[in-house]
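A short worksheet on the structure shown next.
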Amino acid sequence: MRGTLRRLTTGRDLIFSELIPDQVIPVEMRQGAAGNDERHPAQVPRGGVAFMTEAPSVPRYDIVVVSAPDAARTRSMLPIVQELHRRDHRIRYLTTQEFAAQAVALGVDVLVHRSCPAYGSHAEPRECTGRVDPAGVEDTLDCLEEICADVADDVPDLVLYETSSRIVARLLTCRWNRPAVQIFPSFAWADALVPDDAPAREAGAEVWRGSLPEYTRKRLDRFLSEHPGISAGDFYTRAEPLSIALLPRAFQTDGHLFDSRVAFVGPCIPERRMDERWLPPANGLPIVFLALDPELFHAGPAFLQNVVDALAGQPVHLVVTTDGEVEGWPQWEDLPPNVEVQVRAPRAVVLRWAAAYICHPDLNSVMESLYFNTPLVAVPRSDSERAVADRVAELGLGVQLPPEAAAPEQLVDALRTLLGDVHTRCRVRALQREARRAGGARRAADEIERYLEWIYEP
């Protein structure tokens with residue numbers, strides 16, 4: 001059944017009062033913009049920080065944000081959303097009810113969508129490898145119609161989206177004739193390396209369209225027929241003039257191949273909330289942060305209990321987080337003095353003190369760990385996490401253990417190796433410097449603002 005969009009507001013009425021002229025070259029521009037500017041997208045200016053001398057009476061730009069309903073991606077996107085909102089841009093954030101409260105807390109408008117393109121296990125989008133599930137395309141077209149109906153007469157200046165939402169976001173840009181900025185929450189994809197070659201884009205798009213069922217293909221063709229001059233390659237295989245990767249270039253595989261269309265801004269760390277408090281104990285032991293999902297292990301909660309027991313026998317202070325989950329976790333009693341279990345440990349706070357982080361390596365977790373100078377024991381759950389774990393091992397930033405090899409004894413051995421390896425700590429410190437110099441959410445907002453000014457202002 002098709003879902004519905006519901007608007008959540010913050011009590012502040014934001015008014016978009018600027019009129020967009022009808023003549024658009026190549027995208028619709030505000031009055032006074034240089035419509036015949038022939039600059040190549042790679043020439044978008046970079047560097048510097050935009051300062052505001054006084055608060056404007058109306059929003060500077062109107063931005064719709066499209067992000068997957070997933071904890072890791074939401075955690076990555078919200079710092080950028082918050083920074084743009086601080087700079088007096090109007091933000092409308094599209095998500096599901098599960099994540100709506102987090103966006104509302106930032107003071108932005110939220111559009112709640114009750115259905116969305118399907119996601120696979122471990123919140124990994126079915127299309128993350130570039131192969132699109134036909135059912136996901138159907139859901140995407142449904143989602144597109146709902147968003148367009150809700151936004152209808154209030155079209156934004158920009159669509160900001162992360163990669164797993166790229167098809168619905170690019171369909172929106174085609175319908176609204178608006179520019180877009182893509183966020184890579186994990187490694188930057190090959191789209192960003194594709195030259196501005198329309199025939200090559202179309203060839204790739206035709207291969208993709210040919211894999212769709214007839215009904216879905218006809219529905220997609222109807223959309224394209226309503227927008228003459230737009231092809232499938234424009235929203236599936238194109239490289240955006242500006243994309244933002246949430247990692248330092250040094251961590252990106254083949255990072256030297258990406259040109260100025262991709263800004264590597266490093267990790268975007270959420271601001272610490274007042275209720276996020278944690279201090280290390282007075283025992284002076286190295287802090288080890290453990291965040292593993294017991295459902296991944298066939299032995300169930302008993303396996304995790306054995307892992308904790310094995311690590312508790314080491315000269316470390318072990319912090320175990322269930323990441324908000326209670327069901328399926330062992331009920332520990334009479335914990336050793338060097339072990340603490342928290343339902344929801346503040347990750348960024350604990351990592352400030354941690355000597356090692358044992359986790360499932362989605363890029364968001366790894367970037368936070370490196371940002372706080374913490375080496376890793378990486379236990380990947382999926383193909384995307386395996387790619388991140390491979391890069392961690394390749395750069396010498398930690399130890400990689402596949403789930404089938406992550407027995408308690410192997411975890412203890414990996415931890416001992418990590419804690420005693422001075423060279424690994426030096427490499428992590430070097431990557432930490434790269435991550436912090438990259439700029440984070442402020443740099444991302446700077447890049448987005450410069451791109452908007454390049455498009456809309458003379």
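Heads up, the sequence shown is in our numbering, so the first residue is 1 and it goes up one at a time. Just so it is clear, CB atoms sit at the ideal spot from N, CA and C, and this is done for glycine as well. As the structure is a prediction and not an experimental result, all values here were calculated from the model.
Distance between residue j and residue i (C-alpha atoms, nearest Å)
{"i": "R442", "j": "R416", "result": "37 Å"}
{"i": "Q314", "j": "H423", "result": "22 Å"}
{"i": "W176", "j": "V151", "result": "10 Å"}
{"i": "S260", "j": "A239", "result": "12 Å"}
{"i": "V350", "j": "Y371", "result": "12 Å"}
{"i": "V262", "j": "P59", "result": "26 Å"}
{"i": "V377", "j": "R277", "result": "24 Å"}
{"i": "L94", "j": "L172", "result": "13 Å"}
{"i": "P336", "j": "D362", "result": "30 Å"}
{"i": "L311", "j": "A302", "result": "14 Å"}
{"i": "E83", "j": "Y161", "result": "15 Å"}
{"i": "L411", "j": "E404", "result": "11 Å"}
{"i": "T253", "j": "A291", "result": "26 Å"}
{"i": "N373", "j": "E226", "result": "52 Å"}
{"i": "V104", "j": "H113", "result": "14 Å"}
{"i": "P213", "j": "E146", "result": "22 Å"}
{"i": "A345", "j": "G396", "result": "27 Å"}
{"i": "L285", "j": "L279", "result": "13 Å"}
{"i": "Q342", "j": "V81", "result": "29 Å"}
{"i": "A444", "j": "D334", "result": "47 Å"}
{"i": "I455", "j": "L418", "result": "49 Å"}
{"i": "L158", "j": "L318", "result": "45 Å"}
{"i": "S76", "j": "D88", "result": "20 Å"}
{"i": "P79", "j": "L304", "result": "33 Å"}
{"i": "R178", "j": "V64", "result": "11 Å"}
{"i": "A71", "j": "I167", "result": "20 Å"}
{"i": "E447", "j": "F223", "result": "31 Å"}
{"i": "A123", "j": "R170", "result": "Low confidence applies here, because A123 scores a pLDDT of 37, under 50, leaving its location unreliable and the question unanswered by this model."}
{"i": "G439", "j": "M367", "result": "13 Å"}
Host alpha helix (DSSP H) of residue i (start-end)
{"i": "G398", "result": "Careful: G398 lies outside any alpha helix (DSSP H), inside the beta strand (DSSP E) at G398 to Q400."}
{"i": "I244", "result": "Taken as a continuous stretch (DSSP letters only), I244 belongs to no alpha helix (DSSP H), being part of the beta strand (DSSP E) at S243 to A245."}
{"i": "D157", "result": "Where D157 is concerned, there is no enclosing alpha helix (DSSP H), given that its DSSP letter is neither H nor E."}
{"i": "I80", "result": "A71 to R86"}
{"i": "E340", "result": "No alpha helix (DSSP H) contains E340, which is instead part of the beta strand (DSSP E) from V339 to Q342."}
{"i": "A169", "result": "R166 to W176"}
{"i": "A282", "result": "Neither: A282 is in no alpha helix (DSSP H) and is coded neither H nor E."}
{"i": "R347", "result": "R347 to L351"}
Minimum C-alpha distance to residue i - residue among the options
{"i": "T163", "options": "A68, L171, T216 and G107", "result": "A68"}
{"i": "T96", "options": "V110, L84 and D88", "result": "V110"}
{"i": "D421", "options": "Q410, R436, V399 and P403", "result": "V399"}
{"i": "P156", "options": "I91, A100 and K218", "result": "I91"}
{"i": "V108", "options": "R73, D70, D62 and I147", "result": "D62"}
{"i": "V288", "options": "D259, R219 and P375", "result": "P375"}
{"i": "Q182", "options": "C148, V265, E214 and L395", "result": "V265"}
{"i": "F187", "options": "V316, E453, A312 and R386", "result": "R386"}
{"i": "P248", "options": "L452, R450 and Q432", "result": "Q432"}
{"i": "T74", "options": "P59, F184, L452 and P286", "result": "F184"}
{"i": "E449", "options": "L94, I244, E98 and V168", "result": "I244"}
{"i": "V339", "options": "R352, T321, A250 and T253", "result": "T321"}
{"i": "G255", "options": "V343, A345 and W189", "result": "W189"}
{"i": "P267", "options": "R217, R437 and L224", "result": "R437"}
{"i": "V307", "options": "P408, V366 and A101", "result": "P408"}
{"i": "A406", "options": "V388, G440, I358 and S365", "result": "I358"}
{"i": "N283", "options": "V316, D293, E447 and R272", "result": "V316"}
{"i": "S382", "options": "P402, R178, V392 and S165", "result": "P402"}
{"i": "L220", "options": "A100, C174, D153 and W353", "result": "C174"}
Range of the contiguous beta strand (DSSP E) that encloses residue i
{"i": "H317", "result": "H317 to T321"}
{"i": "L111", "result": "D109 to H113"}
{"i": "I269", "result": "Segment: none, I269 is in no beta strand (DSSP E) and carries neither H nor E."}
{"i": "L452", "result": "Unbroken run through L452 is the alpha helix (DSSP H), G440 to Y456; no beta strand (DSSP E)."}
{"i": "L290", "result": "I287 to A291"}
{"i": "A263", "result": "V262 to F264"}
Residues bridged to residue i [DSSP beta-bridge criterion]
{"i": "L94", "result": "V66 and L111"}
{"i": "E146", "result": "Its beta-bridge partners do not exist; DSSP assigns none."}
{"i": "A180", "result": "V159"}
{"i": "A356", "result": "V288"}
Residue i Cβ short of 7 Å to the ligand SAM heavy atom set
{"i": "D309", "result": "Here there are no bound small molecules, and the ligand SAM is not part of this structure."}
*Could I get the ranges of all uninterrupted alpha helix (DSSP H) runs contained in the stretch 361-433, with 4 residues as the minimum, in chain order?*
Listed in chain order, the alpha helix (DSSP H) elements of length 4 or more contained wholly in the stretch 361-433 are 363-371, 383-394 and 408-419.
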